[in-house]
Amino acid sequence: MDTGRQGPSERRLFLLSMLAGVGALLGAIAVWPLYRYLAPQGGGGTTEQVAIPLSDVPLGAARFFDYHGRPAVLVQVQAGEYVALSAVCTHLGCIVKWVGEKRHFLCPCHGGQFAPTGAVLAGPPPQPLASYRVIVQSGKLLVG
Ligand code: FES
């Protein structure tokens, strides 16, 4: 006679299936932030230029901007001479800051210093800041 009740082995199988499902869900939730942190940034392969108004980059000042998902910076090093650099320190990847009164970049993590051209002045960075092509066109700086 069928009473409609599940036997002990069917209940055990059902509970194990539920536990496996919940475990997989919790695992995915735990791993997702790590995946997002380690995954490459979108737009890395694009060649699209970024336009910044000339008036945003006065002489001796730095203008930070987003270059295809990466922090970058423009500096007018001399009148009419512009440099576009990655703002990512070549030591361990911290974001450099512009020190206007000293006219250089300072990495807040380990004290690395870079010239406005990106050259290493002091500290542990092994290489200059990466540079990007920049041209002046129709009152704008086109980077990339
Ligand atoms: S990360 Fe910039 S000096 Fe270490």
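When we follow my numbering, the leftmost residue of the sequence shown carries the number 26, and every step to the right adds one.
In this text, a Cβ means the ideal position worked out from N, Cα and C, and glycines have one as well.
Going by DSSP in three states, residue i sits in which element: helix, strand or coil?
i           : result
residue 84  : strand
residue 97  : strand
residue 106 : strand
residue 47  : helix
residue 113 : strand
residue 124 : strand
residue 159 : strand
State the Cα-Cα distance for the pair residue i and residue j, rounded to the nearest angstrom.
i           : j           : result
residue 37  : residue 30  : 13 angstroms
residue 76  : residue 61  : 28 angstroms
residue 162 : residue 82  : 14 angstroms
residue 41  : residue 63  : 32 angstroms
residue 167 : residue 114 : 23 angstroms
residue 137 : residue 165 : 31 angstroms
residue 160 : residue 95  : 19 angstroms
residue 155 : residue 101 : 16 angstroms
residue 116 : residue 152 : 8 angstroms
Just list the residues that DSSP pairs residue i with in beta bridges.
i           : result
residue 138 : 131 and 147
residue 76  : 167
residue 39  : According to DSSP, residue 39 bridges with nothing at all.
residue 92  : 95
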